[in-house]
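Here the structure is laid out as C-alpha cells; the discussion comes afterwards.
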Amino acid sequence: MKNGLVFFFGLFAALLLSWAGIVFGSHRQLGHLAPLFDENENKAFPERLPGVAAQGQLVYDDLGCAVCHTQQVRRPDFGSDKARGWGDRQSVARDYIYETRVQLGDSRLGPDLANVGARKPAYDADDLAKLLYAGSGAMPAYKFLFERHSIAGRQPSDYALNLHGTLAPPAGEEIVPTPRAHALVAYLLSLNHPYEYPEARPVEPAAEKKEGEKK
Amino acid sequence: MSTAPQAEVSEIDASARWPLSLLLASALLWLLVSGALALANLAQTLSPGLLAECAALSYGRMHALQESALVYGWIANAGFAVALWILGRLGGSPLRSLNWVVVGTLFWNFAVTLGLIGIMFGQGTSIPFLHLPRYVQPLLLVAFAAIATPGVLAWIGRSRPTTFAAQWYAVAALFLFPWLFSAAQVMLLWAPVRGVLQAVAAGWFAQGAWTLWIAPLSLAAAYYLVPKITGRVIPSYDFSALSFWTLLVVGGWTGGRHLVGGPVPVWVPSMAIVSCVLLTFHYIVTALNLRGAFGQCSTALKFVAFGLAAYVIGGFTDAITATRSIAQVTQFTWFSQAQTQLALTGAFSMIVFGAIYFLVPRLANRPWPSTPLIRAHYAAAVLGTLGLVLSLAVAGIVEGRELGDAAIPFADIAAHTRVWLEIAAASQALLLVGNAVLAFHFARLLAARPVVTATSLFRPPPTMEASVS
Chain C
54 MKNGLVFFFG LFAALLLSWA GIVFGSHRQL GHLAPLFDEN ENKAFPERLP GVAAQGQLVY
114 DDLGCAVCHT QQVRRPDFGS DKARGWGDRQ SVARDYIYET RVQLGDSRLG PDLANVGARK
174 PAYDADDLAK LLYAGSGAMP AYKFLFERHS IAGRQPSDYA LNLHGTLAPP AGEEIVPTPR
234 AHALVAYLLS LNHPYEYPEA RPVEPAAEKK EGEKK
Chain Z
2 MSTAPQAEVS EIDASARWPL SLLLASALLW LLVSGALALA NLAQTLSPGL LAECAALSYG
62 RMHALQESAL VYGWIANAGF AVALWILGRL GGSPLRSLNW VVVGTLFWNF AVTLGLIGIM
122 FGQGTSIPFL HLPRYVQPLL LVAFAAIATP GVLAWIGRSR PTTFAAQWYA VAALFLFPWL
182 FSAAQVMLLW APVRGVLQAV AAGWFAQGAW TLWIAPLSLA AAYYLVPKIT GRVIPSYDFS
242 ALSFWTLLVV GGWTGGRHLV GGPVPVWVPS MAIVSCVLLT FHYIVTALNL RGAFGQCSTA
302 LKFVAFGLAA YVIGGFTDAI TATRSIAQVT QFTWFSQAQT QLALTGAFSM IVFGAIYFLV
362 PRLANRPWPS TPLIRAHYAA AVLGTLGLVL SLAVAGIVEG RELGDAAIPF ADIAAHTRVW
422 LEIAAASQAL LLVGNAVLAF HFARLLAARP VVTATSLFRP PPTMEASVS
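First to last, the protein sequences are chains C and Z.
The opening position of the first sequence corresponds to residue 54 in this note's numbering, with each subsequent residue numbered one higher.
The opening position of the second sequence corresponds to residue 2 in this note's numbering, with each subsequent residue numbered one higher.
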C-alpha cells in the first residue's frame with residue numbers, strides 16, 4: 054500500500070459500493086412506489102394520516118416508543134405475528150410510503166403496533182388513553198401526558214378519563230389528556246394496514262403443486 | 002529508505018500530551034455517564050415505575066441517551082485519541098496542528114452535551130445510532146474535521162513509505178466516518194428517503210458505523226499493540242491486507258442484518274446474510290494475526306486479548322444469527338442487545354482500555370501509580386462484560402422462544418426473563434465501578450508529579466512491527 058492515492062480511492066470505493074448497492078439499489082426498486090387505486094372502493098391505498106395523527110407520530114418519535122415496539126408484521130409462517138393477532142398479512146413496503154419517519158423498530162419488549170388501530174376486540178381512544186396513563190405490566194405509565202384539574206365551578210371535560218380504584222383522582226378533580234396525549238392516541242388508532250395489496254398475498258406452495266400435477 | 006533522522010519516541014509523545022489527554026479525559030467522563038444511564042435504563046426495565054414521571058428520563062429517551070453517550074461520547078473520543086496517537090507514532094514524527102484537536106474536542110463534546118439535552122427535551126431522532134438531534138449533527142462533522150486533521154497530516158507526512166496494518170485501520174476509520182455520517186444525515190434527517198428506504202438507510206449506517214468506523218478503530222489499536230508489546234512479528238501478516246479489504250468492502254453490505262422478514266426487498270437481508278458469512282474470513286485472519294496477544298503477562302495485552310476474543314466471537318455470532326431460521330428467534334429480543342454489547346463493550350472498550358494502559362504513561366511520561374487498581378479494573382471489566390453479554394443473550398433466547406408461542410402473554414415473558422435482566426443490571430453496575438476505577442486512576446496519574454525519567458520506565462521494544470510494501 055505504497056500508493057496513497059490508490060489506497061484512498063479504494064477506501065472511498067468500498068463505502069460507495071455498499072451505499073450504491075444497498076441504499077441506492079433499493080431506492081431504484083422502491084423509490085417510486087405509488088399508492089394503489091382500488092376502483093371498487095374508489096380510493097387509493099394507503100391513506101394519508103389525518104393531521105392530528107401526524108402530530109401524534111412526532112410524539113411517538115420523541116418518547117422513543119420504538120425502543121420497545123416494532124411496527125412490522127412478518128409473514129404468517131415466520132414467527133407468531135399472525136397468531137398473536139398483530140395482523141393477518143405481512144407488512145409490505147407500500148404500507149409505509151406516506152410515513153415521515155418509518156419506525157420499523159428492532160425490539161419487541163411490547164407488542165407490535167403496525168395494526169394496533171384494528172385490534173380485536175377494538176381499542177377505543179379512552180382505552181388507549183387509560184393504558185398510557187396507568188401503564189400495564191412492563192410498560193411504564195406516561196402520567197406526564199395528562200393533567201389533573203379541579204372541576205370545582207366548571208363543567209367536567211368530555212375527555213376526562215374514566216378511572217376506578219386506586220387510579221381514580223380525588224373527589225372534585227379529573228384527569229384530562231394533554232394535546233400530546235390526544236395526538237398520540239389518534240396516531241395509534243390510525244395504525245392499520247387493512248388493504249390487501251397484490252404483493253402482500255402469501256405465496257401458497259400447495260396451489261402451485263396442484264398446477265404441476267395437472268401438467 | 003528514508004535517511005531523515007527519526008524523531009525520538011518520547012519527543013513524539015511529548016507534544017501530544019495535553020491534546021490527547023483532553024480527548025481521553027472526556028472519553029472516560031462519557032464512559033461513566035453512559036454506564037450510569039445504561040444502569041438506570043436496565044433498572045427501568047425491571048421496575049417500569051422508575052423515573053416514569055420524569056418526561057426527560059422516561060424509558061425511550063433514557064435508551065437514546067445512554068446509546069448516544071456511549072457511541073458519540075466514549076467511543077468517538079477514545080477512538081480518535083488512540084487513532085491519532087498510533088498515526089503519530091507510526092508516522093515517525095510528532096503530530097502537527099494539535100491545536101485543532103483541542104478546538105475540535107471542545108466543540109465535539111459541546112455538541113454531544115447539547116445533543117443529549119435535546120434528546121431529554123424530545124428532539125431526538127429515534128434512529129438507532131443516530132439519536133442526536135438534527136441540529137447538532139453538522140457541528141459534530143465540523144468538530145470531527147478539526148480532530149482528524151493531525152491524523153491526516155501524520156499519514157501524508159510519514160517518514161517511511163511503507164505502511165503498517167495499524168495505520169490502514171486508523172486511516173480508514175478517520176477517512177470513512179465523515180462520509181458515512183454525512184450520507185446518513187442527508188438520507189435520514191435533511192432530505193429523508195421515502196418509506197421503508199429509511200429503515201434500509203438506517204441499517205446501512207448502523208452496520209457501517211460498526212464495520213467501517215468502530216471495528217477499524219479497535220483493530221488499529223490491536224494491530225499496533227500486539228507486535229509492539231510481544232516484540233514478535235505478526236504471523237501470517239501477508240493475509241492482513243486481504244482481511245482489511247474484506248472488512249471494508251463487505252462490511253457495508255451487512256446493513257440489512259436486522260431487517261430479516263421485514264417489509265423490505267428480500268435481497269437486502271439476503272445480501273446481509275451472505276456478507277456476514279463472508280466476513281468470517283476477516284475474523285479468522287484477525288485471530289490468526291493477533292494470536293500473540295493471548296497468554297501474555299502484560300496488563301495492556303490482557304485487555305487486548307479479551308477484546309480480540311470478543312471481536313472474533315462477535316463476528317461469528319453475527320454470521321450465525323443473521324440466518325433466517327435463527328433470526329426468527331433472536332430478532333427483536335435482548336439477544337441483539339447482547340450482540341451490541343459484545344461488540345461495543347466487549348471488543349471496542351476492552352481493546353481501547355489496553356491501548357489506554359499502554360499509551361497514557363508514555364504520553365504523561367510517568368507510570369501508572371498503582372498496579373492493584375489496574376487489576377481491579379481488569380477483573381471488573383472481564384466479569385462485568387461476561388455477565389452482561391451472557392445474561393442478555395440468555396434473556397434473548399428465552400424471550401425469542403416465548404415470543405414464538407402466541408399463547409404466552411408478554412407479562413409471562415417479562416417474568417421469565419427477569420432474573421437474567423437482574424444479572425445484566427448487576428453486571429452493568431460492576432462495569433460502572435470498574436470504569437470509575439480507571440477514571441480515578443487516570444486522574445491520579447495526570448495529577449501526580451513525574452518522579453522517574455522516561456527511559457527507565459520501559460524496556461525498549463525489541464523489534465518494530467513487521468512491514469509490508
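Cβ atoms here follow ideal geometry from the backbone N, Cα and C, with glycine treated the same way.
Residue of the options minimising C-alpha distance to residue i
i	options	result
Trp335/Z	Thr46/Z, Ser22/Z, Leu23/Z	Thr46/Z
Ser189/C	Asn290/Z, Gly435/Z, Ala37/Z, Ala412/Z	Ala412/Z
His259/Z	Gly355/Z, Leu302/Z, Arg325/Z	Arg325/Z
Pro362/Z	Phe443/Z, Asn290/Z, Val353/Z	Phe443/Z
Pro222/C	Leu242/C, His235/C, Asp114/C, Ile204/C	Ile204/C
Ala166/Z	Ala207/Z, Ala70/Z, Ala242/Z	Ala242/Z
Ala449/Z	Thr386/Z, Met63/Z, Gln138/Z, Arg367/Z	Arg367/Z
Gly308/Z	Arg233/Z, Met272/Z, Ala348/Z	Ala348/Z
Lys109/C	Tyr240/C, Ala87/C, Asn245/C	Lys is not the amino acid found at residue 109/C; the sequence shown has Gly there. Comparing Cα-Cα distances from Gly109/C to each of Tyr240/C, Ala87/C, Asn245/C, the minimum goes to Tyr240/C.
Val353/Z	Leu218/Z, Ala430/Z, Thr281/Z, Glu400/Z	Leu218/Z
Leu162/C	Leu242/C, Lys183/C, Gly132/C, Ala191/C	Ala191/C
Ala200/Z	Gly158/C, Gly57/C, Leu64/C, Arg142/C	Gly158/C
Glu152/C	Ala106/C, Leu116/C, Ser79/C	Ala106/C
Leu85/Z	Met351/Z, Ala311/Z, Ala221/Z	Ala221/Z
His235/C	Leu111/C, Glu252/C, Ala119/C	Leu111/C
Asp211/C	Val59/C, Arg147/C, Ile228/C, Thr219/C	Ile228/C
Status (buried if at least 16 other CB within 10 Å, exposed otherwise) for residue i
i	result
Arg254/C	exposed
Trp139/C	buried
Ser160/C	buried
Gly61/Z	buried
Thr331/Z	buried
Cys298/Z	exposed
Ala175/C	exposed
Lys135/C	buried
Leu66/Z	buried
Ile157/Z	exposed
Phe130/Z	buried
Gly232/Z	exposed
His132/Z	buried
Ser48/Z	exposed
Leu220/C	exposed
Gln208/C	exposed
Pro373/Z	exposed
Val313/Z	buried
Cut-off 7 Å between Cβ atoms - residues of its own chain near residue i, not counting five sequence neighbours on either side
i	result
Leu99/Z	Ser16, Ala17, Pro20, Pro151
Ile274/Z	Ala323, Thr324
Ala171/C	Asn245, Pro247
Leu23/Z	Val103, Thr106
Trp246/Z	none
Ser35/Z	Gln67, Ala70, Leu71, Gly74, Trp75
6 Å Cβ shell around residue i - same chain, five flanking residues per side excluded
i	result
Ala28/Z	Trp75, Asn78, Ala79
Val286/Z	Phe240, Ser244
Thr346/Z	Thr386
Phe62/C	none
Val238/C	Ala178, Leu181, Ala182
Trp205/Z	Gly256
Chain-order list of residues whose beta-carbon lies under 8 Å from that of residue i (same chain, five-residue window excluded)
i	result
Thr231/C	Leu198, Phe199, Glu200
Pro269/C	Coverage of chain C is limited to positions 54 through 268, which leaves residue 269/C absent and any answer about it impossible.
Lys303/Z	Gln297, Gly355, Tyr379
His64/Z	Asn42
Ile321/Z	Ile327
Residue-chain proximity (residue i, chain B), Cβ-Cβ < 7 Å
i	result
Lys183/C	Any reference to chain B falls outside this structure, whose protein chains are C and Z.
Is the region 186-197 of chain Z touching the region 126-139 of chain Z, taking contact as three or more C-beta pairs under 8 Å? The answer is yes - the region 126-139 of chain Z touches the region 186-197 of chain Z, with three or more Cβ pairs under 8 Å.
Runs of beta strand (DSSP E) wholly within the region 139-173 of chain C (minimum 3 residues, chain order): Given a length threshold of 3 residues, the region 139-173 of chain C has no whole run of the beta strand (DSSP E) inside it.
Threshold first: 4 residues or longer. Then list the alpha helix (DSSP H) segments lying entirely within the region 134-193 of chain Z, N to C. As far as the region 134-193 of chain Z is concerned, its whole alpha helix (DSSP H) runs of at least 4 residues are 138-157, 166-186.
Taking 8 Å as the cut-off, does the region 83-103 of chain Z touch the region 49-57 of chain Z (at least 3 CB pairs, one atom from each stretch)? The region 49-57 of chain Z vs the region 83-103 of chain Z: no contact.
Would you say the region 242-253 of chain C touches the region 83-102 of chain C, given that touching needs at least three Cβ pairs under 8 Å? Taking one beta carbon from each stretch, the region 242-253 of chain C and the region 83-102 of chain C have 3 or more pairs nearer than 8 Å; the two touch.
Which residue spans inside the region 70-149 of chain C form an unbroken beta strand (DSSP E) run of at least 3? Fully enclosed beta strand (DSSP E) runs of 3 or longer: 89-91, 96-98.
Does the region 102-113 of chain Z come into contact with the region 161-177 of chain Z, if we say contact requires no fewer than three beta-carbon pairs (one atom in each stretch) closer than 8 Å? Result no; under three Cβ-Cβ pairs closer than 8 Å.
Counting pairs of Cβ atoms below 8 Å between the region 125-133 of chain C and the region 224-240 of chain Z, do you hit three or more? Flag = no, the region 125-133 of chain C and the region 224-240 of chain Z do not touch.
Between the region 394-409 of chain Z and the region 430-438 of chain Z, can you find at least three pairs of beta-carbon atoms closer than 8 Å? In short, these stretches do not touch, since the Cβ pair count stays below three.
If you scan the region 199-254 of chain C from start to end, which runs of the alpha helix (DSSP H) of 4 or more residues do you find wholly inside it? Here the runs fully enclosed are 232-243.
Minimum length 4: unbroken alpha helix (DSSP H) runs contained in the region 68-139 of chain Z: Those alpha helix (DSSP H) runs which fall completely within the region 68-139 of chain Z and span 4+ residues are 77-92, 99-121.
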